[in-house]
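Inspection log for the structure reproduced underneath, given as structure tokens.
Chains as they are written, first to last, in my numbering: chain R, 965 to 1154; chain U, 2 to 937.
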């Protein structure tokens, strides 16, 4: 379709792309849930890779600045999905029921939901001082990429990734510990 | 926490972690002498490090991030017992495994990635297995067996290669340059074997070529055909069997054509390219574009480097290294630096560069040919590859420019394939299986057809003459026959062609093809309204470009009659109709736009956006009609209320500012206009690089902007503006290859033109000069903006009377190669003008006459040259020659004098010559003629 000037569909903003990816990942998950294989545990890594193959097979890849950009965005979308799921799961324990429940049940969380939420909060703090580290955590922790994959996606060596990962991990952990000590009645119950 | 403290903490933490536990304490002690806060922070991190693994899993082991995902060691798959994970690709994971029956041996088992078991992925995985099973070569891992895991994921078992990447092996063994080249020949042999059996690897790189030793002899094995694709073993041409995204492969080793959409034309020569880069790295120790660091570039820039930047010769590539690194490279090759450079320069340089040519046709046709040339070099025979000649360089330049348009056409054509495929998918989801099959058949026919068109092999002689328009015309001629029984597909193909023609500027052909689509679709039941309107819009745009506005309106009105056309299409057609009214009937266009605004459905989210766009056009019409106050009334609220920033292109918002500034200027509100323009200048600074470049390249808006600026800004503020946008002070990087440098140049050129039109010549010179102050050898005339700006600067020097400088610059321009005729004519005109001003009449006449001999010279340029030649002759009082020169053109001059001042000038010149030659009557007649024109 020849766009007339300023047709809103002419240009997708990064935020719109992220939203699209978020929906795409959820949709894929839902499809797998209802697929021939029956309900199964859904691995974030697999979902992200499959979304890549799917989007890259169409014309959509034109809007991603290559593989690195795609995976970085997908990891961010995956983080949002997992944190949302964790939030619903902790809420569900307190009695609320949601339509997302079945999906949430079968999504493999990288850690117990309470901890995911804590990591999510600490991650926002980390973003203030080192946004690159946040990307690394999203890739490795939330999207489940390997050291080697993360290195190639971030354009650095595996040794650097390992060092940065060890540091980001320790930093987040220290942040979470500090928060737990400061909160008199922590939600954490594991 | 501050970023500075964060970084310090991280640095220290990482350093301490490298140390053995017992040394950490004392190291921290000494590193944090006066910084207790830092020390406490790092100690906290170290404590957290111990327990963090519980929360995050330990990322230490490279390949087991998420053990849930993968088969545990010891898992049995048929006759195989898995050991550890040894590799991971996009498609699958590879384990070392033990075969237990019928014989015991070590094997590699590749299993499709967990969760990737979609039909598409399985088909691709299966394709890799089948392809590998056909191979019989010591350089390619053998496939033994295939099966399916208990969870239904396919796997196959193959020969286990326990080797190291070829580059590492060569360095570890300190192999000489010649030994490396010999080892490389074995790689060629394996890849050639794959090609002969119809498999293109597409991702050849050091980590995919492992070296094992047999009886002490190194033997390379090519692995990971995961993104390989099936080719036709006869022709080597790839088919579109797999259509993964454009981003397969690793940038350093990726052929230019692999960066393009869908890899439509990838064949075995893409592997020739990758082998070239591999040879490059084996010889010198680094990949060709290491200096540009491809992984750090934006995608667009990376593609540009791969497609345009010539790689440095291997023998020269060591220049970027430190002395220590150079010595290490030489030592790894058991030689000295000078010897190594000498061995590389000549044959090996040319062989590598030939394999790495940007255009597949210029590369070795086969891997075998590449291998032959290397053998010749090793045996001191002359090689086929040779330094490019000047003629060849010229051809290459032409080809590069043609390639640009070819690529555009290919993109458009492959979009057509994409549409066909998506139609297939949606129908398959909703209708019966049979209909789906018919659709699939149709999309395959489309694909075959496009391939047949694109594989038109031009004859050797006319290779550089192959034009996109030829391909398109050929396709158009073949469409009706190829899809005689299928008008919808015909229409789809013609739509693509109409758009392609449009992008080439062939508006007549575009309009015709688009109108044919409309006619075809009208006859189809049920009508595909969206596609029909799409074609109608293309037709209208092209007709508009031809100036045939009435015809365009007829198209819209005809469509609007149908009651099948509903709201969004109705709105779009109405808008296009109004736009085509603009030229001949601005009042009518304005009314039509106002009506459209009133008809917008306020319930729809996008209505605010369209109202903004339509009102901008209404204001644009008012500016055209010089109804300044009306324009300002429309525009002021638009600047205030942008409906949704994201939905408007920056271009539209910029246009809104420029229109308002124009109106205000005309109304005498200069101060307001000035403030508005300055705020726009700041906004422009903040645009991303690519948008900035496209703004300055679409010169109409930019030119208006700087014309206005040149009119309103006093010198002091202009200087300030220049300082804030560091046009002069901080040229980002003085290489023409740097995009920011070119943006600055665009910007400065526009500003200089604006200043020139305000008569401020010295300021204009001051703006452009710094870009070229490093002498002619630093100027890269392959960029058109560089040529344009340089030429403009020369013209400015002429205007300022600095004729020596101007002449020097124009003579530099004359040495540039591969410049289009039209630009050369401009150069001759400028040169002749300088000669006239210097009273070097002979030179002025000689240059002007030479340029008048160019083929198909536009009238305007011809008249300017004629004026210069006549003036040169008159300077030396050669009036009879003036008359001989001008008289044959008298008729043309009289006709064009109605709208061309230059023609009147030449006629006056002729009158003066007639005076001198005592042809008084003729002189009087000419003067009367010109006077009448000047008065009328």
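We put the beta carbon where it would ideally sit given N, CA and C, even for glycine. None of these values were measured; they are calculated from a predicted model.
*Does any CB atom of chain U fall closer than 9 Å to the CB of residue 1136 (chain R)?*
Reading the first chain from its first residue, position 172 is the one you call residue 1136 (chain R). Yes, its Cβ sits closer than 9 Å to a Cβ of chain U.
*Which of helix, strand or coil DSSP assigns to residue 333 (chain U)*: Stepping through the second chain from its first residue, residue 333 (chain U) is reached at position 332. Three-state DSSP puts residue 333 (chain U) in a helix.
*In the structure shown, what three-state DSSP assignment does residue 219 (chain U) receive?*
Taking the second chain and counting its residues from 1, the one referred to as residue 219 (chain U) is at position 218. Correct three-state label for residue 219 (chain U): strand.
*asked:* Relative to the C-alpha of residue 1012 (chain R), which candidate in R:1097, R:1126, R:1087, R:1102 has its C-alpha closest?
replied: Mapped onto the first chain, residue 1012 (chain R) falls at position 48. The shortest C-alpha separation from residue 1012 (chain R) is found at R:1102.
*Closest residue to residue 332 (chain U) among U:284, U:888, U:785 (Cα-Cα distance)*: For the purposes of this step, residue 332 (chain U) is taken as residue 331 along the second chain, with counting starting at 1. Nearest of U:284, U:888, U:785 to residue 332 (chain U), Cα basis: U:284.
*Starting from the beta carbon of residue 1098 (chain R), find every residue of chain U whose beta carbon is closer than 8 Å, and list them in chain order.*
The residue you call residue 1098 (chain R) lines up with position 134 of the first chain. Residues of chain U passing the Cβ test: none, with the nearest at roughly 13 Å.
*Using the DSSP secondary-structure output, state which residues sit across from residue 98 (chain U) in a beta bridge.*
Looking up residue 98 (chain U) in the second chain gives position 97. Paired residues: U:83, U:108.
_Minimum C-alpha distance to residue 774 (chain U) - residue among U:81, U:800, U:806, U:752_ = Stepping through the second chain from its first residue, residue 774 (chain U) is reached at position 773. It is U:806 whose Cα lies nearest to the Cα of residue 774 (chain U).
_Minimum length 3: unbroken beta strand (DSSP E) runs contained in the stretch 306-384 of chain U_ = none
*Chain-ordered chain U contacts of residue 1141 (chain R) [CB-CB under 7 Å]*: Taking the first residue of the first chain as 1, we reach residue 1141 (chain R) at position 177. Residues of chain U passing the Cβ test: 49.
*Top-ranked residue by Cα proximity to residue 18 (chain U), from R:1144, R:1127, R:1132*: As a working note, residue 18 (chain U) is residue 17 in the second chain. The residue with the shortest Cα to Cα distance from residue 18 (chain U) is R:1127.
*Buried or exposed for residue 1114 (chain R), please, with buried defined as at least 16 other CB atoms from any protein chain shown within 10 angstroms of its CB.*
Residue numbering aside, residue 1114 (chain R) sits at position 150 when the first chain is read from its first letter. Answer is buried; the Cβ neighbour count reaches 16.
_9 Å Cβ cutoff, residue 623 (chain U) in contact with chain R_ = Reading the second chain from its first residue, position 622 is the one you call residue 623 (chain U). So no, residue 623 (chain U) is outside the interface.
*Pick from R:1084, R:1140, R:1094, R:1116: whose alpha carbon is nearest that of residue 1049 (chain R)?*
Counting from one through the first chain, the residue named residue 1049 (chain R) turns up at place 85. With distances taken between Cα atoms, residue 1049 (chain R) lies closest to R:1084.
*asked:* Which residue marks the beginning of the alpha helix (DSSP H) containing residue 516 (chain U), and which one marks its end?
replied: Here residue 516 (chain U) refers to the residue found at position 515 when the second chain is read from its first residue. Looking at the DSSP string, the run of the alpha helix (DSSP H) that includes residue 516 (chain U) is 508-523.
*Interface residues of the stretch 22-47 of chain U facing chain R [CB-CB below 9 Å]*: 42, 45, 46, 47
*Expressed to the nearest angstrom, what Euclidean distance is found between the alpha-carbon atoms of residue 832 (chain U) and residue 910 (chain U)?*
As a position in the second chain, residue 832 (chain U) is number 831, starting the count at 1. As a position in the second chain, residue 910 (chain U) is number 909, starting the count at 1. When rounded, the distance between both Cα atoms is 20 Å.
*Could you check which residue in U:550, U:480, U:354, U:79 has the C-alpha nearest to that of residue 517 (chain U)?*
Here residue 517 (chain U) refers to the residue found at position 516 when the second chain is read from its first residue. Checking every option, the nearest Cα to that of residue 517 (chain U) belongs to U:480.
_Against residue 1094 (chain R), what residues of chain U qualify as contacts under a CB-to-CB distance less than 9 Å, listed in chain order?_
Position 130 of the first chain, counting from 1, holds the residue named residue 1094 (chain R). Those are 4, 7, 8, 11, listed as they occur along chain U.
*Classify residue 526 (chain U) as helix, strand or coil using the three-state DSSP reduction.*
Taking the first residue of the second chain as position 1, residue 526 (chain U) is located at position 525. Residue state, collapsed to three classes: coil.
*Following the continuous alpha helix (DSSP H) through residue 1109 (chain R), name the residue where it begins and the one where it ends.*
Within the first chain, residue 1109 (chain R) is the residue found at index 145, counting from 1. Where residue 1109 (chain R) is concerned, there is no enclosing alpha helix (DSSP H), given that its DSSP letter is neither H nor E.
*Cβ atoms of residue 845 (chain U) and residue 834 (chain U): under 9 Å apart, would you say?*
For this step, residue 834 (chain U) is matched to residue 833 along the second chain. For this step, residue 845 (chain U) is matched to residue 844 along the second chain. For residue 834 (chain U) and residue 845 (chain U), yes; Cβs fall inside 9 Å.
*From the beta carbon of residue 18 (chain U), is the nearest beta carbon of chain R less than 9 Å away?*
What you label residue 18 (chain U) is simply residue 17 of the second chain in a count that begins at 1. Yes, contact with chain R.
*When the cut-off is 9 Å and only beta carbons count, does residue 53 (chain U) lie next to chain R?*
One-based indexing of the second chain puts residue 53 (chain U) at position 52. Chain R contact via Cβ: present.
*Rounded to a whole number of angstroms, what is the C-alpha to C-alpha distance between residue 147 (chain U) and residue 1097 (chain R)?*
Position 146 of the second chain, counting from 1, holds the residue named residue 147 (chain U). Position 133 of the first chain, counting from 1, holds the residue named residue 1097 (chain R). When rounded, the distance between both Cα atoms is 41 Å.
*Quick one: does residue 1133 (chain R) have its CB under 9 Å from some CB of chain U?*
Position 169 of the first chain holds residue 1133 (chain R). Interface residue, yes.
*asked:* Taking a contact to mean a Cβ-Cβ separation below 9 Å, would you say residue 891 (chain U) touches residue 874 (chain U) in this structure?
replied: Numbered from 1 along the second chain, position 890 holds the residue referred to as residue 891 (chain U). Numbered from 1 along the second chain, position 873 holds the residue referred to as residue 874 (chain U). No, Cβ-Cβ distance for residue 891 (chain U) and residue 874 (chain U) is not below 9 Å.
*How many angstroms separate the CA atom of residue 325 (chain U) from the CA atom of residue 171 (chain U)?*
For the purposes of this step, residue 325 (chain U) is taken as the residue at position 324 of the second chain. For the purposes of this step, residue 171 (chain U) is taken as the residue at position 170 of the second chain. Those two C-alpha atoms are separated by around 19 Å.
*Sequence-distant residues of the same chain with beta carbon closer than 7 Å to residue 934 (chain U), five excluded per side*: Taking the second chain and counting its residues from 1, the one referred to as residue 934 (chain U) is at position 933. Cβ within range, chain order: 898, 899, 905.
_3-residue-minimum beta strand (DSSP E) runs that sit fully inside the stretch 180-226 of chain U, ordered along the chain_ = 210-215, 218-223
*Around the Cβ of residue 840 (chain U), are there at least 16 other Cβ atoms within 10 angstroms (buried) or fewer (exposed)?*
Taking the second chain and counting its residues from 1, one reaches residue 840 (chain U) at position 839. Counting Cβ neighbours within 10 Å, residue 840 (chain U) comes out exposed, since fewer than 16 surround it.
*If you run the structure through DSSP and keep just helix, strand and coil, what is residue 159 (chain U)?*
The residue labelled residue 159 (chain U) in the question sits at position 158 within the second chain. Residue 159 (chain U): strand per DSSP, three-state reduction.
*Kindly indicate if chain U contains any beta-carbon less than 9 Å away from that of residue 1146 (chain R).*
To locate residue 1146 (chain R), count along the first chain from 1; it is residue 182. So, not an interface residue.
_Please state the DSSP three-state secondary structure of residue 780 (chain U)._
Reading the second chain from its first residue, position 779 is the one you call residue 780 (chain U). The answer is coil: DSSP assigns residue 780 (chain U) none of H, G, I, E or B.
*Going by the CB atoms, is the gap between residue 149 (chain U) and residue 130 (chain U) shorter than 9 Å?*
For this step, residue 130 (chain U) is matched to residue 129 along the second chain. For this step, residue 149 (chain U) is matched to residue 148 along the second chain. No.
*Would you decide whether residue 927 (chain U) is buried or exposed? Buried here means 16 or more other CB atoms lie within 10 Å of its CB.*
Numbered from 1 along the second chain, position 926 holds the residue referred to as residue 927 (chain U). The residue is buried, with at least 16 neighbouring Cβ atoms inside 10 Å.
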